[in-house]
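The structure under discussion appears below in the form of structure tokens.
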Amino acid sequence: MKHSATYWTKKLKLETHPEGGSFAGSYAAESTIETSTGTRPLYTSIYFMLADGEISHFHQLQSDELWYYHDGNALSVHMISTDGEYSSVKLGLDIDKGELPQILVPAGTIFGSSMIESGDYALVGCMVSPGFDFEDFKLFSEEELVEQFPQHTAIIKKMTP
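Position 119 (the sequence shown) corresponds to 281 in my numbering; numbering is contiguous.
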């Protein structure tokens, strides 16, 4: 049974995310870890959804983030590594088309996501370790990324607000 973006938004109680799309927290570890910014859960996890026409704008976290495909359309996760290399990984279940059901976005990577093909939605899960804190979240403007990575201007224009 195929569901709709509206179904998932209601059932998972998704809210608008600053990077684009919508999200809801799902888990936080009871175990904690000390970081440079204080005590954090060992990991946190969210549901994240892009509806038709939405993108997750380029942003950066200070922790590793694992992405897990759940339902709907496949996503491209666009990444600029800490050494300035661009790559795109397909998140989905069609292995024969190069999609993977889970991927890692390493800490410090600038990244965002978009649906590979137009469709109603893409629903994924994202687990961050050490646990997510908005203090570690940085959303980028087009100007600052083009200045830093002019060789990636085309994708930066697509993936920034």
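For glycine and all other residues, C-beta sits at the position ideal for the given N, C-alpha and C. All values reported here derive from a predicted model rather than from experimental measurement.
Less than 8 Å divides the Cβ of ALA186 from the Cβ of TYR209.
Here SER207 is bridged, per DSSP, to TYR189, MET289. Under a 10 Å Cβ-count criterion, LEU212 is classified as buried, with 16 or more other Cβ atoms of the shown protein chains found around its own Cβ. With a contact defined as Cβ atoms closer than 8 Å, HIS219 and LEU301 qualify at about 6 Å. Per DSSP, reduced to three states, the secondary structure at ALA236 is coil, with no helix or strand assignment. The C-beta of ILE272 has 16 or more other C-beta atoms within 10 Å across all chains shown, which makes the residue buried. Residue pairing by DSSP places THR178 opposite SER184 in a beta bridge.
Shown here, ALA167 sits in a helix according to DSSP, grouped into three states. Put simply, the segment 263-279 touches the segment 223-233. At least three CB pairs are less than 8 Å apart. Between ALA190 and GLY293, the C-beta gap is smaller than 8 Å, which places the two residues in contact.
When the beta-carbon positions are compared, TYR283 and PRO263 stay at least 8 Å from each other.
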